[in-house]
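In short: position in the sequence shown from 1, add 7, done, that's our numbering.
Every residue gets a Cβ at the ideal spot worked out from N, C-alpha and C, and that includes glycine.
A short write-up of the structure that comes next.
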Amino acid sequence: MEAAGGQLEAALLHIMQRHHHQSLHQRNKTERAKVDAVKSAARVADLLVATVDGGVQELYINERRIEFEARALLATIARYKKQTDQWLAATNAINSVLKEIGDFENWMKIMDFDCKNTFQDDYSIRKGTLLPSLKIILFHTGTHRLRLIWWYLSQAASKD
Numbered sequence: 008m009e010a011a012g013g014q015l016e017a018a019l020l021h022i023m024q025r026h027h028h029q030s031l032h033q034r035n036k037t038e039r040a041k042v043d044a045v046k047s048a049a050r051v052a053d054l055l056v057a058t059v060d061g062g063v064q065e066l067y068i069n070e071r072r073i074e075f076e077a078r079a080l081l082a083t084i085a086r087y088k089k090q091t092d093q094w095l096a097a098t099n100a101i102n103s104v105l106k107e108i109g110d111f112e113n114w115m116k117i118m119d120f121d122c123k124n125t126f127q128d129d130y131s132i133r134k135g136t137l138l139p140s141l142k143i144i145l146f147h148t149g150t151h152r153l154r155l156i157w158w159y160l161s162q163a164a165s166k167d
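Structure (C-alpha cells):
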C-alpha cells in the first residue's frame, strides 16, 4: 500500500507540476497577447491621432493661407477704392471744366450774335433802312442794344 500510496503521490505531484507548468505557459502566453493587444491599440490610437492631426494641421494651414489672402484682398480693395475716388474726383473736375467751357461757348455765341446784329443794325442805319423798322428792333432787343441803337441814331442824326 505504501508503494501504491507513493505512486499516487508521485502521480498527483506530476499532475500538479504539469498543471503548474501549463498554467505558467498559459500565463506567459496571455501576458504576450496582452502586450501585443496594448501595442496594437496604441498603434491604432497613434494612427487615428495622426489622421485627425493631419486633417487638423491641413485645416490650420489652409485657415492661415485664407487669412493671409483675405488681408491681401482687403489691402487691394482699399488701394482700388482710393484710386477710384481719385478717378472720380478727376472726372468731376473734368465735368466741371467742360460745363464752364460750355457756358463760355454759349456766352461767346450770344456775344457773336449780338455783335453781328449790332453790326447789321449799324450797317442798316448807315444805309438808312433801319428807321422804318426801328420799333420792331427796339421791341426785340435788350437794353444794351437799345443804347447802341440810340447812340447810332444820335450819331447819324448829328451827321445829317
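- By the C-beta density criterion, ASP128 is buried, having at least 16 other C-beta atoms within 10 angstroms.
- The beta carbon of GLN90 is closer than 8 angstroms to none in its chain, skipping five residues each way along the sequence.
- The C-alpha of ASP43 lies about 12 angstroms from the C-alpha of ASN35.
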